[in-house]
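Here our numbering is used: the sequence shown runs in plain steps of one and ends on residue 264.
Taking it in order: structure first as structure tokens, then the write-up.
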Amino acid sequence: MFSLAKSSALLDYVNGVCSEFYDSFLNRLYQGIAKTAPSREDIQGVGWLSGLAAGIDRVKEEARKQNEQLNQECSLVQSEYKRMKSVIDQLSKEYEESKDIDVFRRYAILKGMIKRCIMHLTLSNDEQVQSQLANTRIQEEMKKKEEQLAEMTSKEISNENDGLQTQIKEYRIKINMIRDLISTMERRYEESKRYVMIQRYGLMKSMIKTLITNKWI
Numbered sequence: 048m049f050s051l052a053k054s055s056a057l058l059d060y061v062n063g064v065c066s067e068f069y070d071s072f073l074n075r076l077y078q079g080i081a082k083t084a085p086s087r088e089d090i091q092g093v094g095w096l097s098g099l100a101a102g103i104d105r106v107k108e109e110a111r112k113q114n115e116q117l118n119q120e121c122s123l124v125q126s127e128y129k130r131m132k133s134v135i136d137q138l139s140k141e142y143e144e145s146k147d148i149d150v151f152r153r154y155a156i157l158k159g160m161i162k163r164c165i166m167h168l169t170l171s172n173d174e175q176v177q178s179q180l181a182n183t184r185i186q187e188e189m190k191k192k193e194e195q196l197a198e199m200t201s202k203e204i205s206n207e208n209d210g211l212q213t214q215i216k217e218y219r220i221k222i223n224m225i226r227d228l229i230s231t232m233e234r235r236y237e238e239s240k241r242y243v244m245i246q247r248y249g250l251m252k253s254m255i256k257t258l259i260t261n262k263w264i
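Have a look at this one:
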């Protein structure tokens, strides 16, 4: 039989061993959590990357919206230019065909050609533009364009936007040039009314040739 003193000493020893084992277990547990948990630097890094990704997406979205607007604008000015150019081409065709007609009949034909040219280019094209925007083919092209943009980087979209802006500028320059030429022809046509038939005949030929031979349009 153990004495009371020996029993007390044994109990103290067991408690000490258990306490050391418990402290060691807690230390190892804390160390394991520390290894698997993200550090403050890691958390900050993830936040920075998330912010960067959001910024890239925002830049791409802005470029995409600009691309959509520029494509629509380019389609409009391109359509307007083609419409105006087709009138000039038709004028050129009719002028060439009239060369074999006698002077008296051709005189009347030249007058009609000039009047039609002025009329076509001064008519409002609002309804034509609206119908083109609603055209199924154009809508399908825009849908395909959206799919293409989804595969492009913001830099690629931005470069395309620059190209579209250049095209729009070039179309507008040509459109304004044609309008100026038509305005000049209209003014010269009105002034030609003061002259006799044979003089006016030569003036009308000259004003038509000035328009149809312009290489810049």
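Using N, Cα and C, we set each Cβ at its ideal position, and we do this for glycine too.
In this text, all values refer to a predicted model and were calculated from it rather than measured experimentally.
- A straight line joining the alpha-carbon of Asn118 with that of Leu211 spans about 7 Å.
- Two segments are said to touch when three or more pairs of C-beta atoms, one from each, lie closer than 8 Å; by this definition the region 233-242 does not touch the region 108-126.
- Cα atoms of Met254 and Leu138: separation of roughly 12 Å, rounded to the nearest angstrom.
- Here Asn261 is exposed, its C-beta having fewer than 16 other C-beta atoms within 10 Å.
- Runs of the alpha helix (DSSP H) lying entirely within the region 133-168, each at least 4 residues long, are absent.
- The three-state reading of DSSP puts Glu198 in coil, since its state is none of H, G, I, E or B.
- Cβ contact annotation for Tyr154 (same chain, cutoff 7 Å, sequence separation greater than five): Met244, Tyr248, in chain order.
- Nearest to Lys140 by alpha-carbon distance, out of Glu127, Ile156, Asp149, Arg152, is Ile156.
- Residue state for Thr260 is assigned as coil, using DSSP reduced to three classes.
- The Cβ atoms of Ser201 and Val106 sit closer than 7 Å to each other.
- Glu203 and Glu237 have their C-alpha atoms some 51 Å from each other.
- The residues Leu258, in chain order, have a CB closer than 6 Å to that of Leu228 in the same chain once the five nearest residues on each side in sequence are set aside.
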